[in-house]
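Colleague: Please see the structure below; I have some questions.
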Amino acid sequence: MSKVLLIVSLIFFVQPGPGAKHQDDAIEVITKSIEAGNTKEISKYLNSSVILSILEDENVYSKTQSEMILRNFFLKYPPIQVKLKHTGSSPEGMQYAICSYRTSSSSYRLFFYMKQSGSSTLINELRVESEK
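Just add 28 to the spot in the sequence shown (first one is 1) and you have this note's numbering.
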C-alpha cells in the first residue's frame with residue numbers, strides 16, 4: 029500500500045504546473061507564426077513593451093513598433109525553415125525558446141523569452157543573431 033501511495037504522490041509532484049501546457053502551446057504557435065512570417069499572430073503574444081535585438085540592433089519597443097520591426101525583418105529575410113531547437117524555463121518563471129531560422133541565403137538563431145502575465149503568456153524579449 030505504501031508503494032502505491034508513493035507512486036501516486038510522485039506522479040502529482042512531478043507534473044508540470046497549470047501554466048506549463050499553456051506556455052508550451054504559446055511557444056508552438058509563435059514558432060509556426062515565425063515560420064509563416066505572420067506578425068499579426070505573433071503580436072498577440074507581445075508584451076506592451078518588448079526588448080528586440082535584431083542583428084545587433086537592440087532597443088525596447090512598444091508592441092506596435094515591435095510588430096512593424098518584425099514585419100520588416102520577415103520581408104527582408106523571408107523564412108524558408110524555422111525549427112524549434114530547445115525550450116526551457118528559468119527559476120524566475122521565464123519560458124524561453126531557441127529556434128534556427130533559415131532564409132535562402134543565410135541562417136540565424138532566434139530566441140524569445142516569455143513570462144506568464146495574468147492568464148496570458150507574453151513575449152518580453154526576442155533576439156535574432158547571425159549563425160557563425
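Even glycine gets a Cβ: it sits at the ideal position worked out from N, Cα and C.
Remember, predicted model here, so these are calculated numbers, not experimental data.
Does DSSP classify S128 as helix, strand or coil?
Modeller: Note: S128 maps to strand in three-state DSSP.
Colleague: Keeping to the same chain, check which residues put their C-beta closer than 8 angstroms to that of S77; ignore five residues upstream and five downstream.
Modeller: For S77, where only same-chain residues beyond five positions count, the Cβ hits under 8 angstroms are V88, Y89, S90 and K91.
Colleague: Can you round the beta-carbon distance between K113 and I126 to whole angstroms, since I take them to be within the 8 angstroms contact cut?
Modeller: Yes, K113 and I126 are in contact; Cβ-Cβ is about 5 angstroms, under 8 angstroms.
Colleague: So I108 and S132 are supposed to be a Cβ contact under 8 angstroms. How far apart are they, rounded?
Modeller: About 6 angstroms; that satisfies the 8 angstroms criterion.
Colleague: Just reading off the alpha helix (DSSP H) that I70 is part of, what are its end residues?
Modeller: First-last of the alpha helix (DSSP H) with I70: T67 to S71.
Colleague: Output the distance between the C-alpha atoms of L80 and S134, rounded to the nearest integer angstrom.
Modeller: Rounded to whole angstroms, L80 to S134 spans 20 angstroms at the Cα level.
Colleague: Which whole-angstrom value describes the C-beta separation of Y136 and E153, a residue pair presumed to lie in contact below a C-beta threshold of 8 angstroms?
Modeller: About 16 angstroms separates the two Cβ atoms, so there is no contact after all.
Colleague: With burial defined as no fewer than 16 other Cβ atoms inside 10 Å of the residue's Cβ, what is the status of A54: buried or exposed?
Modeller: The residue is buried, with at least 16 neighbouring Cβ atoms inside 10 Å.
Colleague: Using three-state DSSP, classify E86 as helix, strand or coil.
Modeller: Looking at E86 - three-state DSSP - the assignment turns out to be strand.
Colleague: Return the Cβ separation of G124 and F139 in integer angstroms, given the expectation that the two are a contact with Cβ distance under 8 angstroms.
Modeller: Note that residue 124 is Tyr in the sequence shown here, rather than Gly. About 6 angstroms separates the two Cβ atoms, so the contact holds.
Colleague: Name the residue from L74, K104, T115 and E84 whose alpha carbon lies nearest to the alpha carbon of S148.
Modeller: Considering only alpha carbons, the answer is L74.
Colleague: Residue range of the beta strand (DSSP E) that K111 falls in?
Modeller: First-last of the beta strand (DSSP E) with K111: Q109 to S117.
Colleague: Would you please state the rounded distance, in angstroms, between the beta carbons of E95 and T67? I believe it to be under 8 angstroms.
Modeller: Between T67 and E95 the Cβ distance is about 5 angstroms, and since that is below 8 angstroms, they are a contact.
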